[in-house]
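Visitor: Residue numbering for the sequence shown follows our numbering, starting at 1 and increasing by one per position.
A virtual CB, placed ideally from N, CA and C, is assigned to each residue, including glycine.
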Amino acid sequence: MRHYISKDNSSQKDVKSRYIKENKVKKMPFKPIEHPKCPKCGKSVYAAEEMVAGGYKWHKFCFKCALCNKLLDSTNCCEHAAELYCKQCHARKYGPKGIGFGIGAGALTMDMGERFGNTEVEMTNRPMTAEAFTAPINPQHH
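1. Check H35 in the structure and name its three-state DSSP category.
2. How is S44 classed by DSSP in three states: helix, strand or coil?
3. Tell me the rounded alpha-carbon separation between Y56 and T75.
4. Would you identify the three-state DSSP class for K87, choosing helix, strand or coil?
5. How would you call L71, buried or exposed, if buried means at least 16 neighbouring beta carbons within 10 angstroms?
6. Using only the alpha-carbon positions, how far apart do C41 and C62 sit?
7. Just reading off the beta strand (DSSP E) that K60 is part of, what are its end residues?
8. Could you give the distance in angstroms between the alpha-carbon of A66 and the alpha-carbon of G54?
9. Thinking C38 and W58 are a contact (beta carbons under 8 Å), I'd like their distance in whole angstroms, please.
10. Expressed to the nearest angstrom, what Euclidean distance is found between the alpha-carbon atoms of C77 and I33?
And the structure:
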């Protein structure tokens, strides 16, 4: 390889492009292999670091719960809308709500799930009106 000395203070890029033209350096005749992109970080996932869930390929360190950041494996992961959750967080966020649908002993709560992003009325475990759960008052019986 010849070294070119720029007399007119042209940039290194100009020197390189002149070298390519003079030596007829060609681009590769094929396209590089396209690797799948990780849904979490958007970067390429190579075979040595891939974890598969829900039809997507993830990096090992991106393969963690979207809520509690617990590292996951194939036995404790749930995928929902290209996001990963551990089984407990998935059940809290997307599972049935209300009395009797707790996770484990002592799980009865009035938590509406705001910390999990639940904002819809259908996701609440509180009654819409108190009238539905009150007995009628009869003033004649004292």
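Guide: From the atom records:
1. Residue state, collapsed to three classes: coil.
2. Correct three-state label for S44: strand.
3. In a straight line, the C-alpha of Y56 is about 16 Å away from that of T75.
4. Helix at K87.
5. Around the beta-carbon of L71, fewer than 16 other beta-carbon atoms lie within 10 Å, marking it exposed.
6. Rounded to whole angstroms, C41 to C62 spans 7 Å at the Cα level.
7. Here K60 belongs to no beta strand (DSSP E), and DSSP marks it neither H nor E.
8. If you draw a straight line from the Cα of A66 to the Cα of G54, it is about 15 Å long.
9. Your pair C38 and W58 checks out as a contact, with CB atoms roughly 5 Å apart and the cut at 8 Å.
10. Between the alpha carbons of C77 and I33 lies a distance of about 29 Å.
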